[in-house]
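Chemist:
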Amino acid sequence: MLDHPDVTALYDRYLSLAADGGTPRARDAAEQLGVSEAELVEAKGTAGLSRALRPHEERGFAPLLEQMPEMGEVMVLTRNQSCVHERHGTFGNVRIGEKMGLVLNKSVDLRIFINHWASGFAVEEDVKSGKRLSLQFFDPQGTAIHKIYATAKTDRPAFEALIEAWVDRNPQKLVPLPPEPPKADRPDSEIDVPALRRDWQAMTDTHQFFGMLRRHKTGRLQALRLAGDDLSHRVAADAAARMLDMAAADAVPIMVFVANKGCIQIHSGPVSTIKTMGPWLNVLDPEFNLHLRTDHIAESRIVRKPTKDGIVTSLELFDSEGGVICTFFGERHEGEGELAGWRDVLARLEREVAA
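According to UniProt numbering, the sequence shown is numbered sequentially starting from 1.
(1) Go through its chain and collect everything with a Cβ distance to PHE91's Cβ below 8 Å, but skip five positions before and after it.
(2) According to DSSP, is TRP280 helix, strand or coil?
(3) Whose CA, out of LEU77, ASP205, GLN208, lies closest to the CA of ALA150?
(4) What are the boundary residues of the beta strand (DSSP E) that includes ALA118?
(5) How is the alpha helix (DSSP H) around GLU316 delimited, first residue to last?
(6) Report the residue ranges of all alpha helix (DSSP H) runs contained in full by the UniProt domain "Haemin-degrading HemS/ChuX" (218–349); include only those spanning at least 4 residues, in chain order.
(7) Between LEU281 and the rest of its own chain, which residues show a CB-CB distance below 6 Å, the 5 nearest in sequence each way excluded?
(8) Let me know the secondary structure DSSP gives MET68 once reduced to three states.
(9) Report the partner residues of SER134 according to the DSSP bridge assignment.
(10) Give me the DSSP bridge partner(s) of ASP109.
(11) List the whole-angstrom C-beta distance separating GLN201 from PRO306, where the pair is believed to meet the contact cut-off of C-beta under 8 Å.
(12) Taking its Cβ as the centre, do 16 or more other Cβ atoms sit within 10 Å of ASP139, making it buried, or is it exposed?
(13) Roughly how far, in whole angstroms, is the beta-carbon of CYS263 from the beta-carbon of ILE112, given that I think they are within contact range, below 8 Å?
(14) By the DSSP assignment, the alpha helix (DSSP H) with HIS216 in it spans what residues?
(15) Just grab the DSSP bridge partners of ARG95 for me.
(16) Since I believe HIS267 is in contact with VAL256 (beta carbons under 8 Å), could you give me their beta-carbon distance rounded to a whole number of angstroms?
(17) Following a CB-centred definition, is GLY97 positioned closer than 7 Å to any heavy atom of the ligand SAH?
(18) Would you call the CB atoms of residue 357 and VAL235 closer than 8 Å?
(19) Would LEU40 pass as a contact of ALA26 if the rule is Cβ separation under 8 Å?
(20) Is DSSP giving LEU177 helix, strand or coil here?
(21) Which residues does DSSP pair with ALA52 in a beta bridge?
(22) Have a look at ARG79 and GLU86 and give me their C-alpha separation to the nearest angstrom.
(23) For the candidate residues CYS83, GLU42, GLY269, whose alpha-carbon lies nearest to that of GLU316?
(24) Given a cut-off of 8 Å, decide if SER36 and THR206 are closer than it, judged by their beta-carbon atoms.
(25) Among ASP12, ALA19, GLU321, THR8, which one has its Cα closest to the Cα of ASP185?
(26) Got a sec? Which residues, its chain only, sit under 8 Å from GLU160 by beta carbon, not counting five neighbours each side?
(27) Alpha carbon to alpha carbon, how far is ASP229 from THR204?
(28) Which residues in the same chain as HIS146 place their Cβ atom closer than 6 Å to its Cβ, once the five residues preceding and following it in sequence are excluded?
(29) Going by beta-carbon coordinates alone, are LEU33 and TYR11 separated by less than 8 Å?
(30) Please state whether the Cβ-Cβ distance between ILE297 and VAL283 is less than 8 Å.
(31) In this structure, what does DSSP give as the bridge partners for HIS85?
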């Protein structure tokens with residue numbers, strides 16, 4: 001346990017906040033207390049509810065993640081400011097290099113940018129079902145990147161042994177870096193739009209899109225605005241809700257991508273239980289949950305990218321600063337064309353806008 005007066009004082013402030021209005025979620029509580037979520041999790045160590053994890057000297061938390069297939073089923077959670085993606089499943093096919101990594105099981109499907117994983121904790125919480133154990137990882141600013149929760153199907157002794165092997169016996173107080181301001185786009189007038197369109201139409205793989213943005217030094221939403229309606233056009237703000245309702249009704253399997261700067265988490269498969277609760281649009285299925293803040297959606301776009309397997313179409317959601325909230329595709333695999341059912345769902349969305 002870290003013995004530091006600032007950490008102890010923060011935990012006392014957290015207890016007062018919880019006593020005044022119940023126990024808010026960690027991210028919300030941290031915001032109310034004016035600290036990062038990582039600092040709040042660190043402070044919970046005062047009561048023995050968290051323990052810092054020790055990254056490998058050269059590979060950071062990569063070796064820990066490479067042990068996760070041995071844990072059995074877990075629940076993985078990746079979120080950004082506006083969307084939470086939760087998936088039950090097992091790790092497998094874990095490959096992590098110096099900066100990037102992959103977890104390529106269908107149930108746990110991740111793209112990992114390991115150089116952003118700055119700190120980690122083992123966390124124990126009291127919930128209605130009992131003690132909930134998790135591993136929680138944060139970026140240099142103390143923002144949550146990825147969380148891994150033990151479930152009833154987890155090999156609990158193996159999970160606890162993993163924690164013991166990686167606990168930092170001499171933790172130092174966290175000193176998060178200040179938040180990074182959003183990077184401003186260049187003026188539209190400086191973008192060579194005809195060249196952008198030529199490069200876009202010449203793509204043979206959706207992953208080439210990111211290299212194209214770098215070459216043209218354009219922001220993602222900026223490129224979508226400039227490319228032309230045949231490649232990207234705006235649809236209604238409630239397009240995600242309409243799309244999920246139609247995909248559920250027609251049993252169209254979809255892919256749901258939620259990302260932050262350290263991790264992309266992907267669900268592939270059908271969705272069935274769609275519910276709206278206040279500003280939150282939710283998918284509440286046994287193996288997959290999505291929680292989307294609809295009041296944060298400033299722009300929704302249908303985007304078409306050429307590949308060697310034909311056009312691939314996505315529904316992409318953006319916040320008021322142009323950041324990506326969530327991206328949806330029809331389920332597909334390398335070498336396969338796009339699902340006719342997915343194209344039909346998006347065609348109906350487009351007809352609604354036209355009407």
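Ideal placement from N, C-alpha and C gives every residue a C-beta, glycine not left out.
Modeler: Looking at the coordinates:
(1) As a working note, residue 91 is residue 91 in the sequence shown. Here the set comprises LEU65, MET68, PRO69, MET71, VAL74, VAL103, ASN105, VAL108.
(2) Against the sequence shown, residue 280 aligns to sequence position 280. Reduced to three states, the DSSP call for TRP280 is strand.
(3) The residue you call residue 150 lines up with position 150 of the sequence shown. When each option's Cα is compared against that of ALA150, the closest is LEU77.
(4) One-based indexing of the sequence shown puts residue 118 at position 118. Counted as a single uninterrupted DSSP element, the stretch harbouring ALA118 is not any beta strand (DSSP E), since DSSP gives it neither H nor E.
(5) Against the sequence shown, residue 316 aligns to sequence position 316. Not the alpha helix (DSSP H): GLU316 falls in the beta strand (DSSP E), residues 310–318.
(6) DSSP runs (the alpha helix (DSSP H)) wholly in the UniProt domain "Haemin-degrading HemS/ChuX" (218–349): 220–226, 239–250.
(7) Start at 1 with the first residue of the sequence shown, and residue 281 comes out as number 281. Within the same chain, LEU281 has close Cβ partners ALA241, LEU292, THR294.
(8) Mapped onto the sequence shown, residue 68 falls at position 68. In the structure shown, MET68 adopts helical secondary structure according to DSSP, grouped into three states.
(9) Here residue 134 corresponds to residue number 134 of the sequence shown, with the count starting at 1. Its beta-bridge partners are VAL123, TYR149.
(10) By one-based count along the sequence shown, residue 109 stands at place 109. Bridge partners of ASP109: LEU104, ILE266.
(11) As a first step, residue 201 is located in the sequence shown; it is residue number 201 there, counting from the start. As a first step, residue 306 is located in the sequence shown; it is residue number 306 there, counting from the start. GLN201 to PRO306, Cβ: 6 Å. Contact.
(12) For the purposes of this step, residue 139 is identified with residue 139 of the sequence shown, where counting begins at 1. Its Cβ being crowded by 16 or more others within 10 Å, ASP139 is buried.
(13) Here the question's residue 263 lines up with position 263 in the sequence shown. Here the question's residue 112 lines up with position 112 in the sequence shown. A Cβ-Cβ separation of about 6 Å places CYS263 in contact with ILE112 under the 8 Å criterion.
(14) The residue you call residue 216 lines up with position 216 of the sequence shown. Boundaries of the alpha helix (DSSP H) harbouring HIS216: 208–216, taken from the DSSP string.
(15) Residue mapping note: residue 95 aligns to position 95 of the sequence shown, counting from 1. Answer is LEU102, bridged to ARG95.
(16) If you number the sequence shown from 1, residue 256 lands on position 256. If you number the sequence shown from 1, residue 267 lands on position 267. VAL256 to HIS267, Cβ: 4 Å. Contact.
(17) Of the ligands one can find in the structure shown there are none, so the ligand SAH has no counterpart to examine.
(18) This structure gives no information on residue 357, because the portion of the chain shown stretches from 1 to 355.
(19) Position 40 of the sequence shown, counted from the start, is the residue given in the question as residue 40. Position 26 of the sequence shown, counted from the start, is the residue given in the question as residue 26. With contacts defined by Cβ atoms closer than 8 Å, LEU40 and ALA26 form a contacting pair.
(20) In the sequence shown, counting from the first residue as 1, residue 177 sits at position 177. DSSP places LEU177 in the coil class of the three-state scheme, outside both helix and strand.
(21) Sequence index remark: in the sequence shown, residue 52 carries index 52 (1-based). The partner list for ALA52 (beta bridge, DSSP) reads PHE121.
(22) Walking along the sequence shown from the start, residue 79 turns up at place 79. Walking along the sequence shown from the start, residue 86 turns up at place 86. Rounded to whole angstroms, ARG79 to GLU86 spans 9 Å at the Cα level.
(23) Here residue 316 corresponds to residue number 316 of the sequence shown, with the count starting at 1. Closest in alpha carbon position to GLU316, among CYS83, GLU42, GLY269, is CYS83.
(24) For this step, residue 206 is matched to residue 206 along the sequence shown. For this step, residue 36 is matched to residue 36 along the sequence shown. Contact: no.
(25) Counting from one through the sequence shown, the residue named residue 185 turns up at place 185. Residue GLU321 is the option with its Cα nearest to ASP185.
(26) The count along the sequence shown starts at 1 and reaches residue 160 at position 160. When the five nearest sequence neighbours on each side are left out, the beta carbons in the same chain lying within less than 8 Å of the beta carbon of GLU160 are those of LEU133, in order along the chain.
(27) Residue numbering aside, residue 229 sits at position 229 when the sequence shown is read from its first letter. Residue numbering aside, residue 204 sits at position 204 when the sequence shown is read from its first letter. Note on geometry: alpha-carbon atoms of ASP229 and THR204 lie some 20 Å from one another.
(28) By 1-based counting over the sequence shown, the position of residue 146 is 146. Cβ within range, chain order: THR78, PHE137, CYS263.
(29) Here residue 33 is taken as the residue at index 33 of the sequence shown, counted from 1. Here residue 11 is taken as the residue at index 11 of the sequence shown, counted from 1. If you check the CB distance, LEU33 and TYR11 do not come in under 8 Å.
(30) As a first step, residue 297 is located in the sequence shown; it is residue number 297 there, counting from the start. As a first step, residue 283 is located in the sequence shown; it is residue number 283 there, counting from the start. Not in contact: ILE297 and VAL283 (Cβ atoms no closer than 8 Å).
(31) Residue 85 sits at position 85 when you count from the first residue of the sequence shown. Beta-bridge pairing by DSSP links HIS85 to THR78, LEU290.
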